[in-house]
Each structure stands twice: as structure tokens, then as C-alpha cells.
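Asks:
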Amino acid sequence: MVEKFDAIVIGAGPSGNAATYTLAKAGLNVLQLERGEYPGAKNVQGGIMYAAELEKIIPDFRDDCPTERHIIEQRVWLLGDDNYIGTNYRSDAFNTDRPNRYTIIRANIDKWFSEKIRAAGGLQICETTVTELIRDGAGKVIGVRTDREGGEIHADVVIMADGVNALLAKRTGFQQEAAPENVALAVKEILFIDPELIQQRFGLKDDEGVVIEIMGKVTKGMVGTAFLYTNKESLTIGIGCLISDFKAGNCPPYKMLEDLKRHPVIKPLIEGAEMKEYAAHMIPEGGYKAVPQLYGDGWMVVGDAAHLNNAAHREGSNLAMASGRMAAETVIELKQSGLAPTAANLAEYKRKMDASFVMKDLKKYRELPGIMHNNKQFFGAYPDVITAAAHNWFTVDSVDKKTKEKEIMASFVKKRSVFGLVGDALKLVRAVR
Ligand code: FAD
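So for the sequence shown, full-length UniProt numbering puts the first residue at 1; every next one is plus one.
1) Closest to residue 348 by CA distance: which of 370, 366, 323 is it?
2) In angstroms with no decimal places, state the Cα-to-Cα distance between residue 243 and residue 89.
3) Counting pairs of beta carbons, one from the region 147 to 162 and one from the region 251 to 266, are three or more of them closer than 8 Å?
4) With residue 362 and residue 318 assumed to form a contact (beta carbons below 8 Å), what rounded beta-carbon distance in angstroms separates them?
5) So what's residue 147 in DSSP terms, helix, strand or just coil?
6) With residue 259 as the anchor, note down where its alpha helix (DSSP H) starts and where it stops.
7) Residue 240 and residue 80: beta carbons closer than 8 Å?
8) In angstroms, rounded to a whole number, what distance separates the CA positions of residue 285 and residue 359?
9) Is residue 313 near the ligand FAD, judged by its Cβ being under 7 Å from some heavy atom?
10) Can we count residue 15 as close to the ligand FAD, meaning its CB is less than 7 Å from some heavy atom?
11) Whole angstroms is fine: what's the gap from residue 104's alpha carbon to residue 83's?
12) Consider the C-beta atom of residue 330 and the heavy atoms of the ligand FAD; say whether any pair is separated by less than 7 Å.
13) For a minimum of 3 consecutive residues, which ranges assigned as the beta strand (DSSP E) are wholly contained in the region 86 to 134?
14) Please report the distance separating the alpha-carbon of residue 179 from that of residue 191.
15) For the structure I just gave you, are there three or more beta carbon pairs, one from the region 129 to 146 and one from the region 270 to 278, closer than 8 Å?
16) Out of curiosity, what's the CA-to-CA distance linking residue 51 and residue 74?
17) In whole angstroms, give me the CA-to-CA distance for residue 331 and residue 53.
18) Which residues mark the beginning and the end of the alpha helix (DSSP H) in which residue 330 is found?
19) Take every Cβ of the region 191 to 201, pair it with every Cβ of the region 340 to 347, and state whether three or more of those distances are shorter than 8 Å.
20) Does any heavy atom of the ligand FAD sit closer than 7 Å to the C-beta of residue 395?
21) Tell me, which residues are paired with residue 209 by DSSP?
22) Is it a yes or a no for the region 373 to 389 touching the region 209 to 229, going by three-plus beta-carbon pairs under 8 Å?
23) Could you tell me which residues DSSP pairs with residue 393 in its beta bridges?
24) Can you find the residues in the same chain that come closer than 6 Å, C-beta to C-beta, to residue 265, ignoring five residues on each side of it along the sequence?
25) Regarding residue 304 and the ligand FAD, is the C-beta to nearest heavy atom distance less than 7 Å?
26) Counting only the same chain and skipping the five closest in sequence on each side, list residues whose C-beta sits under 8 Å from that of residue 235.
27) Report the three-state DSSP secondary structure of residue 284 (helix, strand or coil).
28) Could you work out which residue in 395, 351, 32, 3 is closest to residue 16 when comparing CA atoms only?
29) Tell me whether residue 32 sits in a helix, a strand or coil according to DSSP, three-state version.
30) Mind checking whether residue 116 and residue 40 have CB atoms under 8 Å apart?
31) Is the CB-CB distance between residue 303 and residue 369 below 8 Å?
32) Let's see if you can read the secondary structure: which residues bound the alpha helix (DSSP H) around residue 344?
33) Roughly how many angstroms separate the alpha carbons of residue 366 and residue 431, rounded to a whole number?
34) Does the separation of the CB atoms of residue 204 and residue 210 fall below 8 Å?
35) Considering only the beta carbon of each residue, do residue 353 and residue 321 sit closer than 8 Å?
36) For the ligand FAD, is there a heavy atom less than 7 Å away from the beta-carbon of residue 168?
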């Protein structure tokens, strides 16, 4: 006889873990399937973990969660060829007993989360790939088929948390193939380094941490960003650009990362560090307009598989956890009310999402992906002209300041024309309002 669960969750990343834990904690009979050898084996994250969403799911997570450093300083840098201009925000107020953001090593967090799931009564099976969703004659999802012998399992509801490829939703016809301009490819390295060097180079003590978000010439005019994060005994460095740009460009991702590591501003920060791990992964960056149908008869989709990623703020894992939690809460409410997980009833998941920061933030930036994709000047011309303007302004050479102002204005107009500058300013406003 085919086994039957209240819910099956596919994937053990942040979205799947949030969903499975929430369901198990409420006493539902839940099965989580993960294709990796262990949770986290297949996962890549830069990574910053945002406390607020995890805290809603596991309020006392700080007691034993294997975080790296809590972030006390955020830097945002625009890199030129051999320089940068940027802003830093650092505050001692981030040194609290309830820090807001942490750097993490994803594999450690995923393993920890899985232990919590098992302790809450969830059943988790690894090394099992879901190959297909099973539907009844009316099209309702009633279970999954796996790559294990006799691997057919039934459930009242299936939650797809299988990450950016979303193969199951695509295979079943619930989603279209993502356009290459809606997906970024990111490469990253974890670099081993003496913790004392981290403290010295970044001005830190104990487990304080710094994150640096980077834009500019390092992406060679492609739409993309880079990052450098401080862990306990390592640094995470990475860079990512839209797949459509990599296709059209002539710089492969690994070469871009090597160039970033050699950049005169970055090199001194990572000098002496040894590469421990290299990974490449995709990130869904199409934003609000790329979010597919989130639910149907007997199914829901959460996290990266639903394109829930706020690229402007580099937030992904928190949107993933929030969506996993809200999907699970919807199932729990239906179960408690004795209602079936029909499409009409699962629409409550979308209502919860629309009322939350997840969809509100994605909606706010709905024009951003398209505007960035069609306006490469923000990644080429502007880093050039802005860093050159800063160099001119901060060079004391007996040229009077009025003349410098005129030179700087002229350099902007030469690069973009007055019409172009005004147009770009309007586009930026439209992209973020
Ligand atoms: P995933 O984490 O991708 O998990 C999906 C899981 O499903 C995987 O474990 C996979 O093995 C499993 N799976 C897939 N298919 C199947 C199948 N058929 N059967 C069984 N199991 C399956 N977010 C942040 O919040 N902060 C950051 O700093 C940050 N940095 C990032 C840096 C990089 C380089 C990348 C690539 C992403 C970054 N993100 C960051 C985004 C974040 O990692 C994702 O948003 C988040 O991991 C999404 O979680 P998820 O559970 O939806 O998917």
C-alpha cells in the first residue's frame, strides 16, 4: 500500500526547512525529501542570514545555531578600475544579545535546521530525488514519485521547495522556463584565513563581522554584483551576473572572480587566505514579474522555486523561510478547520504572502530588473565617471573648486549627455519607488 502523509516537502533548503519544521511542530505528519547526501550538501549561499524570519520559526535559535559573525558594519562599494567610492554604516548598537544579521556557512545551518526538524517529529529522507508529481484524474496533486524503488508516496498537499531550477513545477506545467535575463549565475569561494587577520583588516573584535556589497567595473559592464563577507575563520567572496549577459559577454564567471580577487582594493583584504571551497549556483532575479502561480489543487511552491528573491537587497533566504512558514501555516489552518487543500483554499497562502514584506518588497522593485537589464550604463559608464570624478575632487592640485565642479559636470555630460543623465535619473527613481 502507498504511504500517505499530511504533507510532503521537496527540498531541505531554508524554504523547505521552514515549512517542514512549522508543520512538524504543529503535529502534522510531514515527510521532507532531499536529493543531497545530507541537508546542505547541494546548497550555496554567500551568505548572510537574517534573524527576523528564523526567529519567527524558532524563537530561541540563538542558543545553538552555528552562525559565524554577527554583522556590525555594512559597506557598499562602487569599484572603478583601481579604486572605489563607497559608504559604510557601522554601529555598536548591533552588538546586542539579539543581533539582526549573521554571516553563515550554509551547510552548517542546513544540518542544524534538520536536527530541529527531526526533534520536532518531522521525517526527513536524504539521497532521494523527487522525479515527478503524481496527479489524479482531475489534475489534483496527490503525491510524488522518487528515484527510489517503489518510490511513490502520497500526501494531502505537496510543497515544492526545490530551489531555483524548479524542475518539478516546470515538468508539471505549473511554471514556464525562466528567461536568461531573470536568472543570475554566481560563483563564490570560501577562503581560509587566520581570524586575527580578519580582526585587524576589518577592525573587528570577538565575533563581530563586516559585509561588503560591491558593484562597478568588476562585472565588466554586465548586470551584476559582488560581495565579500567575514566569517569566523574564513572570508566568503563571490560575484554574479545575469545569465543573459554571461551568454553575450566574453568573460566567464571564474575569470571575473579571479579579477575581483586581484583588484587593488580587494587584494589586500584577502591576501594570505587559502581557498577552501568553490561553488557556483543560480539566483532567481526576475523579481515580482517573474513570480509564478504560487498554489493550485494540492500544491504550493515556496522560496527560490517561486522566484522569491530580492536582488536589490541581496535577500533570499529570509524570503524563502517566510514563504515556507506561510505555506505551512496555511496547511495547518486548513487541517484544523477540516478543509481540503483545494486551489481555492490554498489561495490563503498567496493572501498571506501579499500582506507580508515578501510581496510588498518585490512589488516595490518590480521595474528594477527590466530597467537594469536594458540600461547597462549603470554597470559600465557610471562606475567610470563617478570614480574619476571622486579622484579629481580629492586631488589637491591648485585647481580651484569651481573649475573642478565644471570639469566633473562636463565629464558626466560627455559620457551620457544632458538628456541621457536626466533619463537615467528618472529610470532610477522608477526602479526603486
Ligand atoms: P535552496 O536553498 O536552493 O534549496 C533547495 C533544496 O532542494 C536543495 O537542498 C536541493 O538539493 C533540493 N532539491 C532540488 N530538487 C530536488 C528534487 N527533485 N528532489 C529532492 N530535493 C531536491 N540569500 C540571503 O538571504 N543572503 C545571502 O547572503 C545570500 N547570498 C547568496 C549567494 C549566492 C552565491 C547564492 C547562489 C545565493 C545567495 N542567497 C542569499 C540566496 C539564497 O541562497 C536562496 O534564496 C535560498 O537558498 C533559497 O532557499 P530555498 O530553500 O528556496 O532553495
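A virtual CB, placed ideally from N, CA and C, is assigned to each residue, including glycine.
Replies: Taking the definition as stated:
1) 323
2) 31 Å
3) Verdict: no, contact absent.
4) About 12 Å; that fails the 8 Å criterion.
5) coil
6) 253 to 262 is the span of the alpha helix (DSSP H), which, as asked, contains residue 259.
7) no
8) 14 Å
9) no
10) yes
11) 28 Å
12) Result no, Cβ not under 7 Å from the ligand FAD.
13) 101 to 103, 123 to 125
14) 32 Å
15) no
16) 16 Å
17) 19 Å
18) 317 to 337
19) no
20) No, the ligand FAD has no heavy atom inside 7 Å of this Cβ.
21) 71
22) The region 373 to 389 is in contact with the region 209 to 229.
23) Residue 393 pairs with nothing; no bridge assigned.
24) 84
25) At least one heavy atom of the ligand FAD is nearer than 7 Å to the Cβ of residue 304, so yes.
26) 190, 191, 193, 198, 228, 229, 269, 270, 273
27) strand
28) 32
29) Three-state DSSP puts residue 32 in a strand.
30) no
31) no
32) 343 to 355
33) Their backbone Cα atoms lie some 7 Å apart in a straight line.
34) yes
35) Against a cut-off of 8 Å, the Cβ pair of residue 321 and residue 353 comes out as no contact.
36) yes
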